[in-house]
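Structure first, commentary second.
In the working numbering, the protein residues as written are 548 to 923.
See below:
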C-alpha cells in the first residue's frame, strides 16, 4: 500500500454526521421502551469508552439506535455499503451517523474516499438522509415532546484511522502526510499560510495518536479504536445545533412580542390592564423555557479530569463558535427579560392607578351619600 513514502491505512473509517433539531425535548426512557417493543430494534445508552465517568461524562447519556445498512452512490459510479446509526439527545436533537469502513487502502485513495463519501452525502444525499431520519422517527416519534415544525441542521465529517501499515509517531505523521489539505477537502496543495491555519488545532496524547480539527472536518488517529473523540465532537455539534435553533427562534419571537406590546398599550386594549399581566406571563414562560433548554445543552457534556478530551472539546467549541451563539441567545433572552420587567411594572402601576381611582370614587360616593342624607 505504500505510495511515494506515504503510509497506508490498514483499518479506518469515514464518518459523516448530520444532526437535526426535532423537538423541544425527547423522552429517552420512552425511546428505550419503544425500541425494545419493536422487533429487530435495540437501544443503548451511549457511554464514553476510555475515560472514567467522574473525569468526563454525558450530562444525560443519549440513546443510540441501529438504523441498518445504507448504500452510498459515489460520483464515479461505485456504490458502497455503510452502517447507519442514530442518537437521540434529551434536549431535542437527533444525530444520524453514516460510517464507511476502510481497509488496506493507500493514503491518497483514503483521502479521495473521504472526499467522495462526503460529497455524495452532502450533495445528492438528501434522499439517503431523509430515509435514515424516517427510520429513526419510526422509533422515537412517540417520544418527541412538542415536535419542531421547522428544523435546523448541522453536518460534520470525521476521517479516522485505527492502524497504519507502519509504526510512526504523531509528529512523524504530520511531517509525512498533508493533513491540512485533507481537512480543507481540496485537491490541490495548500499554501504554507493555509496549512498553518488548518494545523492550529492538532492534539496528541500518546506517541502514536493524533487529532486534527477544523470547523467542518476532523482527522482522528486512534490505535485503540475507541470513538470517544468522535463522540465529543458530536456533542459539540449538537450544542451548536440547539443554540442556532433557539437563536433563530428568538429572532422570530422578539418582533412579535414588540408588536403585541404596542397592541396592548394602544387603543381600547390599553383599558384592559390584565392584558399587560397576561403578556408578561407569556414572555416569562418563553424566557424560562429557553433558559432551561440552554442549560441542558450547556451541561450536555461534563468535563472534570480528562485533560486530553477536555482540550479537544474546548477547541471544538471554539471552532464552532458555540460560546458566540450562546452569548447571542443570552442577549436576546435579556431583551425579553427587560420587556417582561417593563410590562410587569406597567401592570403594577396600572393596578395602583385603578386602586387609587377606586379609593377616590368611594370617597366621592361617600360624600354624595352624605350630601343626599343631609338634603333628606
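Each residue gets a CB set at the ideal place from its N, CA and C atoms; glycine is no exception. The structure presented is a predicted model; accordingly, all values stated were derived computationally and were not measured.
Give me the residue from 868, 557 and 849 with the minimum Cα distance to residue 708.
With distances taken between Cα atoms, residue 708 lies closest to 557.
Only counting the same chain, and skipping five residues up and downstream in sequence, which positions put a Cβ closer than 7 Å to that of residue 767?
Cβ within range, chain order: 705, 707, 758, 776 and 777.
How would you label residue 743, buried or exposed, when you count the other beta carbons within 10 angstroms and need 16 or more for buried?
Its Cβ having fewer than 16 others within 10 Å, residue 743 is exposed.
In angstroms, rounded to a whole number, what distance separates the CA positions of residue 860 and residue 629?
Answer to the nearest angstrom: the Cα atoms are 27 Å apart.
List, from N- to C-terminal side, the beta strand (DSSP E) runs of 3 residues or more that fit wholly inside the region 822-888.
Those beta strand (DSSP E) runs which fall completely within the region 822-888 and span 3+ residues are 848-850.
What residue range is occupied by the uninterrupted alpha helix (DSSP H) comprising residue 679?
Residue 679 -> alpha helix (DSSP H) spans 673-687.
Report the CB separation of residue 849 from residue 604 in whole angstroms; it is logged as a contact under 8 Å.
With 8 Å as the limit, residue 849 and residue 604 qualify as a contact, their Cβ atoms being about 6 Å apart.
Put residue 762 into one of helix, strand or coil per three-state DSSP.
It is coil, neither helix nor strand.
Is it true that the CB of residue 562 sits closer than 9 Å to the CB of residue 616?
No, they are not a contact pair.
Taking 9 Å as the CB-CB cut-off, is residue 691 touching chain B?
In the structure shown, chain B cannot be found, because there is only a single protein chain.
Sort out for me which residues DSSP pairs residue 750 with in a bridge.
Residue 750 pairs with 758.
Which residues mark the beginning and the end of the alpha helix (DSSP H) in which residue 741 is found?
Taken as a continuous stretch (DSSP letters only), the alpha helix (DSSP H) holding residue 741 covers 739-745.
If you draw a straight line from the C-alpha of residue 714 to the C-alpha of residue 590, how long is it?
If I take the Cα positions, the gap works out to 38 Å.
Suppose only complete runs of 3+ residues qualify. What are the beta strand (DSSP E) ranges in the region 564-650, listed by chain order?
Whole beta strand (DSSP E) segments, 3+ residues: 570-573, 590-592, 603-605, 610-620 and 626-635.
Looking at residue 642 and residue 566, is the spacing between their C-beta atoms short of 9 Å?
Contact: yes.
Which two residues bound the contiguous beta strand (DSSP E) that contains residue 694?
Unbroken beta strand (DSSP E) run through residue 694: 691-694.
Going straight from the alpha carbon of residue 575 to that of residue 635, what length do you get?
Each residue's Cα considered, the two are about 7 Å apart.
In its own chain, which residues sit with a C-beta less than 6 Å from the C-beta of residue 814, not counting the 5 before and 5 after it?
For residue 814, the pLDDT reaches just 49, beneath the cut-off of 50, and the residue's location in the model is therefore unreliable, leaving the point undetermined.
Across the region 709-729 and the region 830-844, are there enough close Cβ pairs to call them in contact, namely three or more that are closer than 8 Å?
These segments do not touch.
With DSSP as the reference, label residue 699 as helix, strand or coil.
Residue state, collapsed to three classes: coil.
Given that a residue counts as buried once 16 or more other Cβ atoms are within 10 Å of its Cβ, and exposed if not, what is residue 846?
Under this definition residue 846 is an exposed residue.
So what's residue 731 in DSSP terms, helix, strand or just coil?
Three-state DSSP puts residue 731 in a helix.
Rounded to a whole number of angstroms, what is the C-alpha to C-alpha distance between residue 559 and residue 627?
Spanning the two alpha carbons is a distance of roughly 15 Å.
Secondary structure at residue 724, three-state DSSP: helix, strand or coil?
Here residue 724 sits in coil by DSSP.
How close, in whole Å, do the beta carbons of residue 686 and residue 834 come, if the pair is a contact with beta carbons under 8 Å?
Going by Cβ atoms, the distance from residue 686 to residue 834 rounds to 33 Å, so no, they are not a contact pair.
On the premise that residue 786 lies in contact with residue 925, defined as a C-beta separation below 8 Å, what is that separation, rounded to the nearest angstrom?
There is no way to answer for residue 925, as the model of the chain reaches only from 548 to 923.
From what residue to what residue does the alpha helix (DSSP H) around residue 656 run?
Residues 654-669.
Could you name the residues of the same chain whose beta carbon sits closer than 6 Å to that of residue 762, not counting the 5 residues immediately before and after it, in chain order?
Result list for residue 762: 866, in chain order.
Could you check how far apart the C-beta atoms of residue 797 and residue 837 are, in whole angstroms? I think they sit under 8 Å.
Correct: roughly 7 Å between the Cβ atoms.
Please go through the same chain and pick out, in chain order, the residues whose beta-carbon is closer than 6 Å to the beta-carbon of residue 682, but skip the five residues on each side of it.
If we look at residue 682 and ignore the five residues flanking it on each side, its Cβ neighbours are 614.
Pull up the distance between the alpha-carbon of residue 825 and that of residue 905, whole angstroms please.
Approximately 22 Å, taken between the alpha carbons.
With DSSP collapsed to three states, give me the class of residue 710.
Correct three-state label for residue 710: strand.
When you compare only the Cα positions, how much space is there between residue 553 and residue 659?
When rounded, the distance between both Cα atoms is 14 Å.
By the three-class DSSP mapping on this structure, what secondary structure does residue 557 have?
Reduced to three states, the DSSP call for residue 557 is strand.
Does the beta-carbon of residue 624 have 16 or more other beta-carbons within 10 angstroms, so that it is buried, or is it exposed?
It counts as exposed.
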